[in-house]
Structures are given as structure tokens and as C-alpha cells.
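Reviewing the structure listed below.
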Amino acid sequence: MSKLKSWKELPCGAIINDLKAVLENKTGTWRSFRPIWNKEKCINCLTCWIYCPDAAIILVDGKHQGINYDYCKGCGICAEVCPKKVQAITMVKEEK
Amino acid sequence: MPSIKELSREPELFSSGHRACTGCGEVLAVRQVLLAATKPVACAMPTGCLEIVSTIYPHTAWQVPMFHSAFENAAATISGMEAAYRALKRKGKITEEINFIAFGGDGGTYDIGFQALSGAVERRHRFLYVCLDNEAYMNTGIQRSSATPLGAHTTTSPAGKVKPGKLEWRKDIVEIMIAHDIPYAAQATVWNWNDLANKVRKALSVNGPSFINVLVPCPLGWGYHSSQTITLSRLAVETCFWPLYECENHKYRLNYTPKEKLPITEWLKLQDRFRHLFREENKHLLNAFQEEVDRRWELLNRKIKCSQ
């Protein structure tokens, strides 16, 4: 984060123009369980993607391409919603 | 009906990096609504969890214009934005079509923001109000709201020796909004994303105010493991606690009929806030809960029948 402005330099009200700054906030550090995605098993149904609260499922041209560990908080929703017959995502405990 | 492939081509307008709890249903609802919304959109929100987690200065998770003013006036803010937009359009300073969406929690909608919402809707501004209903004031540490169901433990309706959690039933906000004669009102969940996406598109296509009430499970406030967010929102529908229905120009329609209506205990037993209801001395409350769910489900079915 750059140096904060003084109150005289601030605009009227708090206006945030930098829409990408939020990406500095790596929420992946909160994680205590890590989802492991199995590319071979994945049928690309995108169910995990639509249910991810952190938009941490990486899609490239509409295809599942892994999990963004910078922002994944390890809630486990993806492993839970992955179709029972597929089970392409497993949760493992984070090691120090 | 938008397919998941179609939605996956939409831009991600609610960015990663927000500070919502793990497994938060509320930000998930916002993500799904913004994916489905007809763009461009401009938004407003009252104070609440959503504001706290998404806009900690100098960060914002919103990739669309977002206006936060105060707890009680999200609807007044969005109606002002919409009125300004119409004025600029009349003067020819804006030509494109813009949709307006307000996101409020249940506290900022059912209770504190209600008069602003009622007024904005009565003035017939063209906007969609999405209520993200997690059934209590989660932001300030789980206090009861008028959306909290019967028997739920919150910090201001604690379950103990004297009282078994909240003593009152929740208020039916969708019915209250329908009573404002709005062109479109609906109830949805994060589980049925397809239904939610449809409702968002329908709501944005009407000429006037619209309202969608989305049930958003809260791992911290409801007391369950973060991975169960989708399961809990599905069970709320399958038990008929949260029927997926809409009311379009006075016509009620059920959007999803459970194959088998599950007993309400299937939903309650997964949540710590209802744990005490399963004690022997509170059994009557479980029965009362089931009766109220049945009564409302029956009433809704009658309304659907009568409005055809």
C-alpha cells in the first residue's frame, strides 16, 4: 500500500478508484485446509466455480484450470459440491 | 435460462481479495447476482457485513460503481442515483441503458432500511433491491433481527434456562413488498444459482421496482462448518422453509417443487443456533416451527392457485 494521503488531499467522501488494489489482500493466508484439484477426474461442470465465494477457481476459456491459492480461504464448498461420482477435489490439512 | 457456460463468460464483478468469512453465503450471492445481471450496473448498499468485507479503505472488491452511504438508506440512495440517471438521460448526457441494484442485508432491509425501501418502491423508481437474508445482524456479532426465525439463538435472544432463543416468528418481507404492488418480487437461494440468475434478469427487465430475497447461510452466525453453505441453502428449500417462488404482476408462481417435503428438523439439526430446540423441554418449539412452516407453505400454494 502506498503512503496514505492527508485529509486535505482526499476527495469529498471516500472514493476508491483503484479497483485492483483489493488483490493485494491475499486471503489465501487464512486457509487451514487446502483443496487439491484432480485434473484427470474433473468433468468441467463448473459447479465449484459458480459456488466459490472467493472467485478462486481459475477458468481459462471456460475450462477449469486449477485453484487460485492466493485467495482461496479453504472453506471446502468446492469439495462438497463436486458431483459425488466425480470427487475431483479433496481437502487436505495445510502444513506449516 | 442462462447456462453455467454462459455465466462463465461474464466478467467477474465481485473480485477476490474481499474479507468475508470462509464459506460466506452473502458474497457468493453478490457474485452470482452480478454474473447474471444485465450490464452495465450501478450499485448501492447499506452498512452491514457486505460493506465491511468488501470496501475496507483503500480497497474495494466491487468492479462496478458502488455507493455506500448509511445503514438505513440504501433504497433512498439507489432511488437518487436512478433519478439522477433519468435526468441526465433526458438531457442527452447519457445514452446507454444502466441497471441499478441495491444490496442490503436483512437488518438494512427488514428493520433499519425499511422505510427508505418502502418509500423508494412507492415512488416507482426503476431498480432491483436484493435482500441478502442471513437472518440476524451478523456484522455486529449476531443480534436478532426481524428476519431471525423462531427459537434461534442470537446474542440478544440467547437460549438459556429462562428463554429458548427468539420467541417470535420471522416477518415475511416478500409479502410486504408484494403488498406495495411492485411488478416483480421473488425469493431465491445461492444453491439454485440458475433460478437466482433467471430472477435477476427478469427483475431487471421490468419497468419499475423489483425485489429479490436471497437466503444466504452464515457459517459463523448459524453455527455450521463452512463447507455446508450450499447444503444448508438447499435444505431450506427442500423443507419448504424457504420456497422458491416469484410474484410477477400479481401472479404467483412456484419455481421449484421439492420432490419430497422434508421435515424441518433436517435443516435445523445442522445448525448450532437451533441446538437447544432438540432438548426434551423445547420439543413444543420444534412442533411450533414445523406447524408455522406448513401453514406458510399451504398459504403460498393457495395464493398460487388463486392468482392464476
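Sequences listed follow chains R and D, in order.
Per the numbering used here, the first sequence starts with residue 61, numbered consecutively.
Per the numbering used here, the second sequence starts with residue -1, numbered consecutively.
Ideal Cβ positions, reconstructed from N, Cα and C, are used throughout, including at glycine.
Same chain only: Cβ atoms within 8 angstroms of residue i, ignoring 5 sequence neighbours per side
i, result
"R:G136", "F93, P95 and M151"
"D:I96", "P38, V39, A40 and Y83"
"D:I54", "R17"
"D:V291", "T237, C238, F239 and I262"
"D:Q113", "E70"
"R:P143", "I103, C105 and T107"
"D:F272", "G149, A150, H151, G163 and L266"
"R:K153", "S92, F93 and R94"
Residue span of the beta strand (DSSP E) that contains residue i, given as start and end
i, result
"R:M151", "I149 to K153"
"R:R94", "F93 to W97"
"D:V39", "V39 to M43"
"R:A115", "Careful: R:A115 lies outside any beta strand (DSSP E) and carries neither H nor E."
"D:E264", "Where D:E264 is concerned, there is no enclosing beta strand (DSSP E), although the alpha helix (DSSP H) it sits in stretches over T263 to L266."
"D:H66", "M64 to H66"
"D:F112", "Unbroken run through D:F112 is the alpha helix (DSSP H), F112 to E120; no beta strand (DSSP E)."
"D:D131", "L126 to D131"
"D:F276", "It is not in any beta strand (DSSP E) - D:F276 carries neither H nor E in the DSSP assignment."
"D:L213", "S208 to L213"
Spatial neighbours of residue i in its chain, beta-carbon cut-off 6 angstroms, leaving aside the 5 residues before and after
i, result
"D:P44", "F69, A72, G102, G106 and G111"
"D:L218", "C19"
"R:D130", "K86 and G88"
"D:M175", "A183 and F209"
"D:I2", "none"
"D:C308", "This structure cannot settle anything about residue 308 of chain D, because the visible part of chain D is limited to -1 through 306."
Span of the alpha helix (DSSP H) around residue i
i, result
"D:T229", "T227 to E236"
"D:C47", "C47 to S52"
"R:C138", "I137 to V141"
"D:I251", "The amino acid at residue 251 of chain D is misidentified as Ile; the sequence shows Arg. Where D:R251 is concerned, there is no enclosing alpha helix (DSSP H), although the beta strand (DSSP E) it sits in stretches over K249 to L252."
"R:T89", "That residue, R:T89, is in no alpha helix (DSSP H); it is neither H nor E in DSSP."
"D:G219", "P217 to W220"
"D:E244", "Where D:E244 is concerned, there is no enclosing alpha helix (DSSP H), although the beta strand (DSSP E) it sits in stretches over Y243 to E246."
"D:N285", "K281 to C304"
"D:G23", "G23 to A34"
Environment of residue i [buried if 16+ CB atoms lie within 10 Å]
i, result
"D:M136", "buried"
"D:E10", "exposed"
"D:K257", "exposed"
"R:C108", "buried"
"R:Q147", "exposed"
"D:R300", "exposed"
"D:C304", "exposed"
"D:A74", "buried"
"D:M277", "The sequence shown places Arg at residue 277 of chain D, rather than the Met named in the question. By the neighbour-count rule (16 or more Cβ atoms within 10 Å), D:R277 is not buried but exposed."
"R:I103", "exposed"
"D:A118", "buried"
"D:M64", "buried"
"D:A85", "exposed"
"R:P71", "exposed"
"R:W67", "exposed"
"D:V160", "exposed"
"D:H123", "buried"
Same chain, Cβ closer than 7 angstroms to residue i, neighbours up to 5 away in sequence not counted
i, result
"D:H16", "V25, V51, S52 and A59"
"D:A372", "A question about residue 372 of chain D goes unanswered here, because the residues of chain D that appear run from -1 up to 306."
"D:Q141", "A134, Y135, T152, T153 and T154"
Heavy atom of the ligand NAD within 8 angstroms of residue i beta-carbon
i, result
"D:K169", "In terms of ligand content, the structure shown is empty, and the ligand NAD therefore cannot be addressed."
Residue j beta carbon less than 9 angstroms from that of residue i
i, j, result
"D:I92", "D:A42", "no"
"R:A115", "D:S14", "yes"
"D:S31", "D:V198", "It is Val, not Ser, that sits at residue 31 of chain D in the sequence shown. Against a cut-off of 9 angstroms, the Cβ pair of D:V198 and D:V31 comes out as a contact."
"D:L48", "D:A195", "no"
"R:I110", "R:N128", "no"
"D:P181", "D:H274", "no"
"D:H178", "D:S116", "yes"
"D:V235", "D:Y254", "yes"
"D:G21", "D:S231", "no"
"D:N132", "D:V28", "no"
"D:R318", "R:G126", "Any answer about residue 318 of chain D is impossible in this case: the structure gives chain D only from -1 up to 306."
"D:P56", "R:D78", "yes"
"R:P113", "D:G46", "no"
"R:W90", "R:G134", "yes"
"D:L268", "D:L233", "yes"
Taking a cut of 8 angstroms between CB atoms, which residues from the stretch 119 to 134 of chain R lie near chain A? Reference to chain A is not applicable here, since the protein chains of this structure are R and D.
Contact the stretch 261 to 270 of chain D vs the stretch 204 to 214 of chain D: 3+ CB pairs below 8 angstroms: no
Could you tell me whether the stretch 165 to 176 of chain D touches the stretch 140 to 148 of chain D, where touching means 3 or more Cβ pairs closer than 8 angstroms? yes
Quick check: the stretch 236 to 245 of chain D against the stretch 174 to 194 of chain D, are at least 3 beta-carbon pairs closer than 8 angstroms? yes
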